[in-house]
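> Position 62 of the sequence shown, counted from 1, bears residue number 62 in this note's numbering, the numbering being contiguous throughout. Mind looking over this structure? Questions follow.
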Amino acid sequence: MSLSIVKSVLSGGVVEIAPRGEIDVDTAYEVREAIAEVLAKSRPLRIELNMRLVTFIDSVGISAMVAGFQTAEVSDVKLVVTEPSRFVHRQLWVTGLLGLFGAPEPYFAGVATPEVLPGA
Numbered sequence: 001m002s003l004s005i006v007k008s009v010l011s012g013g014v015v016e017i018a019p020r021g022e023i024d025v026d027t028a029y030e031v032r033e034a035i036a037e038v039l040a041k042s043r044p045l046r047i048e049l050n051m052r053l054v055t056f057i058d059s060v061g062i063s064a065m066v067a068g069f070q071t072a073e074v075s076d077v078k079l080v081v082t083e084p085s086r087f088v089h090r091q092l093w094v095t096g097l098l099g100l101f102g103a104p105e106p107y108f109a110g111v112a113t114p115e116v117l118p119g120a
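And the structure:
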């Protein structure tokens, strides 16, 4: 599977980078380049790496994320992970890097928000 990356400017000086697919030895450089490109064009307050649609990530992909975090930090930009897929969340947890990226909760597709019953 290939990797595609969508970049969006959100309100409040936030740029979202949303990869879709697999981040591995063949595609990890694309994540690093996307972060570097955002930083070369502007200095957002925060970069949100939305990992909801990432189905697989290996050690090279994790390394690319750490490199992106460090590049952003040098530029005084906060890089956080948002909505990690369960696989990404587990990989960040196992490697001890979940806290580095803001300790996001995993994204659960199709899970409805619990209803609050009247009088409950």
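Here a beta-carbon is modelled for each residue, glycine too, at the ideal position from N, C-alpha and C.
For Leu10, collect the residues of the same chain with a Cβ closer than 8 Å to its Cβ; drop the 5 residues on either side in sequence, then sort them by chain order.
The residues are Glu16, Glu48.
> Can you give me the Cβ contacts of Val6 inside the same chain, cut-off strictly under 7 Å, excluding the 5 residues immediately before and after it?
These residues qualify, in order along the chain: Ala18.
> List the residues that DSSP assigns as beta-bridge partners of Ala72.
In the DSSP output, where bridge partners are listed per residue, Ala72 has none listed.
> Could you check the C-alpha separation between Ser2 and Glu22 for me, to the nearest Å?
Roughly 6 Å between the two C-alpha positions.
> For Val14, does the three-state DSSP call read helix, strand or coil?
Residue state, collapsed to three classes: strand.
> Rounding to the nearest angstrom, what Cα-Cα distance links Phe108 and Val66 in this structure?
Those two C-alpha atoms are separated by around 24 Å.
> Is Ala103 buried or exposed, if buried means 16 or more other CB atoms sit within 10 Å of its CB?
Per the 10 Å Cβ criterion, exposed.
> Do you know offhand how far Ser75's Cα is from Arg43's?
Straight-line Cα distance between these residues: approximately 8 Å.
> Might you give, ordered along the chain, the residues of its own chain that have their beta carbon closer than 6 Å to the beta carbon of Gly13, omitting 5 neighbours on each side?
Excluding positions up to five away in sequence, the list reads Pro44, Leu45.
> Could you give the distance in angstroms between the alpha-carbon of Met51 and the alpha-carbon of Glu105?
If you take the alpha carbons of Met51 and Glu105, they lie about 11 Å apart.
> Taking 9 Å as the cut-off, decide whether the C-beta atoms of Leu97 and Ile62 are in contact.
Against a cut-off of 9 Å, the Cβ pair of Ile62 and Leu97 comes out as a contact.
> Quick one: grab the DSSP three-state call for Phe108.
In this structure, Phe108 counts as coil in the three-state DSSP scheme.
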